[in-house]
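Asker:
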Amino acid sequence: MSLAQKRKSKRVDCATVCPEWGCRQPGEHEGIWVVGEVEGGAISEPSLQMLTPARMVANKLGTFVEGVLLGGDEGALRAAASEMIKRGADRATVIAGRELSEYAPPAFAGAIAALAAERRPDVILLSATMRGREIAPYVASLLRAGITADCTQFDVDEDSGDLFMIRPPFAAIMLAYIKTPTRRPQIATARPNVFPVPPRDEARDGPVEVRPASSYVRAPPGMRLLRSEALRRDEVPLEKAEYVVAGGRGVGTKEGFAALEELARTLGGVVAGSRRAVDLGLVPHERQVGQTGKSVRPKLYIAVGISGAAQHVMGIREAGTVVAINIDRDAPIFRSADYGIVADWRDVIPALIREISARRTSPGKGT
Amino acid sequence: MGLTIAVGIKWVPNQQAVRFDERTGTLIREGVTSIVNPHDLDAVELALRIRDRYGGKVVALSMSPPSAVKGLEHVIGMGVDEGVLISDRAFAGADTLATSYVISSALRRLGGFDLALFGQETIDSSTAHIPAQVAGWLGLPYLYYATEVELDGSGRKVIVKRMLEDRAEWYELDMPAVLGVAMKSQLPRPVKLSNKLRLREENPIRTWSNAELKLDQRCVGLRGSPTIVAKSTWTPEVPRRRQILEGTPEEAARKLVEALFREGVLR
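If you read the sequences in order, they're chains Z and P.
Going letter by letter, the first sequence gives residues 35 to 401 in the numbering used here.
Going letter by letter, the second sequence gives residues 1189 to 1455 in the numbering used here.
Written out as structure tokens, the structure is:
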């Protein structure tokens, strides 16, 4: 029996399911949705990243990938839909209208749930951006469906066609394969940067269907945006940085992090921290690298005084070159590094700054 | 009259004390103490501030084994007025959907509230699911990453400030509303002895089991949880070169910089 047949023929005994939640057979559901986020008129990179696992899962299951976009500006949403199709979606649905011109979580999440109740997708994937984290669980409870946060991989259970949503549980070193065998849709999120943006294929084309927001936002959300104020940000966001210098407990103090700042400036990059550094108040939470922080994909990641707990290493899987500086030769971080220096960072960091500056002022030297 | 502010707290293993068995990849549970999820204390502090300013009461709820009564005692020590321990063997093993279902049932049983506050996420699972799921079950407006709350003139709406990475936003929400309180956004007040004394004199903690909530066994605990852990495996390692650069710190730094320029990582 093919995987598609297994998936279609799967039966759930509805007598075992919570009677208030409704019961439908998994086989009545079809397609992998990726909910796209539009920011500043364009599709966000984290949304495009979710097309990578969506495409892989759809190919295994023999089904389609559908982009779902919501908002007030139909033109921008259509453009975003066509971008999703060029990057791997087979088709897209746009819900556009005044009701969604301003972001209110219950309106956006409610519209996704209403469309899902009508179309019955098998899977809904969202990027765990700040908005995605806000919307996804509401969608799940409206649909009385299971949800798995912050997946690091996806796969398909060859025995049943269920989606494997794979993530490390509780900062652990094992990976849990989570599935929701009796309920659909299967809802999951992954943090930005865990998956790459799929390549653009100009030749790809597919239908884009536009539906009115008024049909999907049935009640006013009971809330409205009063005002918004942009925060001044001098630094490059961590997710976009090409060079990241991260400190951990071994760096220990504000003064230590000032030294990391100097190295980051020399590199043209930014400073980040481990969970411990955040707990110690040395780095703000939005600069935390790891399973409960951010995943990064810089060209160069320098881990300073970071022991290398599994939850931290999870956040640098997609980094280019990883360098570890630690005084403890047995620190696990060295197993996850390309280059290691066993020494006190107080000696290494100034030397690195000197060496890099020297090379840049006399480019021919030593090459 | 004043407001009724519900605040959810979770009793979690103290992360600082958690160790793993490197051989089996499992948690070593012996000797691990539990604490109130630190991010929930931000929600407790914000709830207390709203109460202190506008009047009313703060009720803390915790769905946990009986030992979590210590967590409720802690927040009552901070100044919370009442505690509700939601505890029943039938609730054990719940995922976030089944947990939020029980919590929202308990909130209904509370007989009306104006605000329900939760820590933005827990340190033991970090899903940030519960506030939105509870709002979903109850069909209420909700917002994440809240840092400040004020009542508007009518007393029926709240103005909530929240912080995103690149901007601050102010939303107006009809009450009742559900909020996820931003991590480290408040300075939780210390426990006061005079508050703790109330534990002996007033008995402010109730326990609700499923005898009170009367939920179908198929909707709660392990049975009500759509998600299951099918299997687990070792995390596949990303292949890295693991090359230790020997020598003095200066020598090692020079070798590293040479390699990075040679490989085009630095220019």
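All C-beta atoms in this analysis are idealised placements derived from N, C-alpha and C, irrespective of residue type, glycine included.
Assuming Z/Trp19 and Z/Glu100 are in contact, meaning their beta carbons sit under 8 Å apart, how far apart are those beta carbons, in whole angstroms?
Answerer: Residue 19 of chain Z falls outside the range modelled here, since chain Z spans only 35 to 401, and no answer is possible.
Asker: Whole angstroms are fine: how far does the CA of P/Ser1373 sit from the CA of P/Thr1335?
Answerer: So the alpha carbons of these two residues sit roughly 6 Å apart.
Asker: Could you confirm whether any beta carbon from chain Z is found closer than 8 Å to the beta carbon of P/Lys1419?
Answerer: Yes - at least one Cβ of chain Z is within 8 Å of the one on P/Lys1419.
Asker: Using a Cβ-Cβ cut-off of less than 7 Å, list which residues of the segment 237 to 262 of chain Z approach chain P; keep chain order.
Answerer: The segment 237 to 262 of chain Z vs chain P, Cβ under 7 Å: Pro255, Gly256, Met257, Arg258, Leu259, Leu260, Arg261 and Ser262.
Asker: Drop a sphere of 10 angstroms on the beta-carbon of P/Asp1340, count the other beta-carbons inside from all chains shown, and report buried for 16 or more, exposed for fewer.
Answerer: P/Asp1340 should be labelled exposed.
Asker: With a threshold of 8 Å between beta-carbons, can Z/Thr401 be considered close to chain P, or not?
Answerer: Confidence at Z/Thr401 is low in this model, with a pLDDT of 44, below 50, so the placement of that residue should be treated as unreliable; the coordinate-derived value is given next. Chain P contact via Cβ: present.
Asker: Is any beta-carbon of chain Z found at less than 8 Å from that of P/Leu1249?
Answerer: Answer no: the Cβ-Cβ gap between P/Leu1249 and chain Z never drops below 8 Å.
Asker: Under 8 Å by Cβ, that's how I've got Z/Ala162 and Z/Arg225 pegged, so tell me the actual separation to the nearest angstrom.
Answerer: Contact flag correct, Cβ pair sits at about 5 Å.
Asker: Please say whether P/Asp1362 and P/Tyr1192 have beta carbons closer to each other than 8 Å?
Answerer: The sequence shown places Thr at residue 1192 of chain P, not Tyr. Cβ atoms of P/Thr1192 and P/Asp1362: not closer than 8 Å.
Asker: Can you give me the C-alpha to C-alpha distance between Z/Gly342 and Z/Val270, rounded to a whole angstrom?
Answerer: So the alpha carbons of these two residues sit roughly 24 Å apart.
Asker: Whose CA, out of P/Ala1286, P/Asp1276, P/Glu1233 and P/Arg1296, lies closest to the CA of P/Val1263?
Answerer: Comparing Cα-Cα distances from P/Val1263 to each of P/Ala1286, P/Asp1276, P/Glu1233 and P/Arg1296, the minimum goes to P/Glu1233.
Asker: In angstroms with no decimal places, state the Cα-to-Cα distance between Z/Lys94 and Z/Val190.
Answerer: Answer to the nearest angstrom: the Cα atoms are 7 Å apart.
Asker: Using DSSP bridges, identify the partner residues of Z/Arg201.
Answerer: Z/Ala210, per the DSSP bridge assignment.
Asker: Kindly list, in the order they appear in chain P, the residues whose Cβ is closer than 8 Å to that of Z/Gly180.
Answerer: The answer, in chain order, is Asp1283, Leu1285, Ser1413, Pro1414 and Thr1415.
Asker: In or out: P/Ser1314 buried (at least 16 other Cβ within 10 Å) or exposed?
Answerer: Buried, by the Cβ-count rule.
Asker: Which bits of chain P does Z/Glu389 rub up against, with CB to CB less than 9 Å?
Answerer: The answer, in chain order, is Glu1438, Ala1441, Arg1442, Leu1444, Val1445 and Glu1446.
Asker: Between Z/Gln322 and Z/Val312, how many whole angstroms is the CB-CB distance? I'm expecting something under 8 Å.
Answerer: Indeed, because the Cβ distance is near 5 Å, the residues count as touching under 8 Å.
Asker: Quick one: does P/Lys1198 have its CB under 8 Å from some CB of chain Z?
Answerer: Not an interface residue.
Asker: Leaving out the 5 sequence neighbours to the left and right, which residues in its chain are closer than 6 Å to Z/Ser329 when beta-carbon positions are compared?
Answerer: The answer, listed in chain order, is Arg225, Asn227, Val228 and Gly349.
Asker: Please state whether DSSP places P/Ala1316 in a helix, a strand or coil.
Answerer: Of the three classes helix, strand and coil, the one that applies to P/Ala1316 here is coil, per DSSP.
Asker: Using three-state DSSP, classify Z/Thr163 as helix, strand or coil.
Answerer: Three-state DSSP puts Z/Thr163 in coil, outside helix and strand.
Asker: Output needed for Z/Ser308: all residues of its chain with C-beta closer than 6 Å, excluding positions within five of it in sequence on either side, in chain order.
Answerer: For Z/Ser308, where only same-chain residues beyond five positions count, the Cβ hits under 6 Å are Gly282, Ile340 and His346.
Asker: Give me the Cβ distance between Z/Ala247 and Z/Ala130, rounded to the nearest whole Å; I'm assuming they're in contact under 8 Å.
Answerer: At roughly 6 Å, the Cβ-Cβ gap stays under 8 Å, so Z/Ala247 and Z/Ala130 are in contact.
Asker: At the 8 Å Cβ level, is Z/His63 part of the contact set with chain P, yes or no?
Answerer: Not one chain P Cβ lies under 8 Å of Z/His63.
Asker: How should P/Thr1421 be labelled, buried or exposed, when 16 other C-beta atoms within 10 angstroms of its C-beta is the threshold for buried?
Answerer: Exposed, by the Cβ-count rule.
Asker: Mind checking who P/Thr1192 pairs with in its DSSP beta bridge?
Answerer: According to DSSP, P/Thr1192 bridges with P/Lys1245.
Asker: Measure from the C-beta of Z/Cys52 to each C-beta in chain P and report whether the shortest distance is under 8 Å.
Answerer: At least one chain P Cβ lies under 8 Å of Z/Cys52.
Asker: Following the continuous alpha helix (DSSP H) through Z/Glu295, name the residue where it begins and the one where it ends.
Answerer: Here the alpha helix (DSSP H) through Z/Glu295 covers Lys288 to Leu301.
Asker: If you draw a straight line from the C-alpha of Z/Ile414 to the C-alpha of P/Thr1423, how long is it?
Answerer: In the structure displayed, chain Z extends from 35 to 401; residue 414 of chain Z sits before or after that span and is not available.
Asker: Just grab the DSSP bridge partners of P/Tyr1176 for me.
Answerer: Any answer about residue 1176 of chain P is impossible in this case: the structure gives chain P only from 1189 up to 1455.
Asker: So P/Ala1440 and Z/Ile390 are in contact, right, with Cβ under 8 Å, and what is the actual spacing, rounded?
Answerer: Not confirmed; about 14 Å, so no contact.
Asker: Assuming P/Gly1196 and P/Asp1228 are in contact, meaning their beta carbons sit under 8 Å apart, how far apart are those beta carbons, in whole angstroms?
Answerer: P/Gly1196 to P/Asp1228, Cβ: 7 Å. Contact.
Asker: Using only alpha-carbon positions, find the residue among P/Gly1265, P/Met1266, P/Val1247 and P/Gly1267 that is nearest to P/Ile1274.
Answerer: With distances taken between Cα atoms, P/Ile1274 lies closest to P/Val1247.
Asker: Is it true that the CB of P/Gln1321 sits closer than 8 Å to the CB of Z/Tyr137?
Answerer: Not a contact, by the Cβ cut-off of 8 Å.
Asker: Helix, strand or coil: how does DSSP classify Z/Ala343 here?
Answerer: In this structure, Z/Ala343 counts as coil in the three-state DSSP scheme.
Asker: Taking the straight line between their C-alpha atoms, what separation do you get for Z/Ser175 and P/Val1346?
Answerer: Using only the alpha carbons, I get a separation of about 24 Å.
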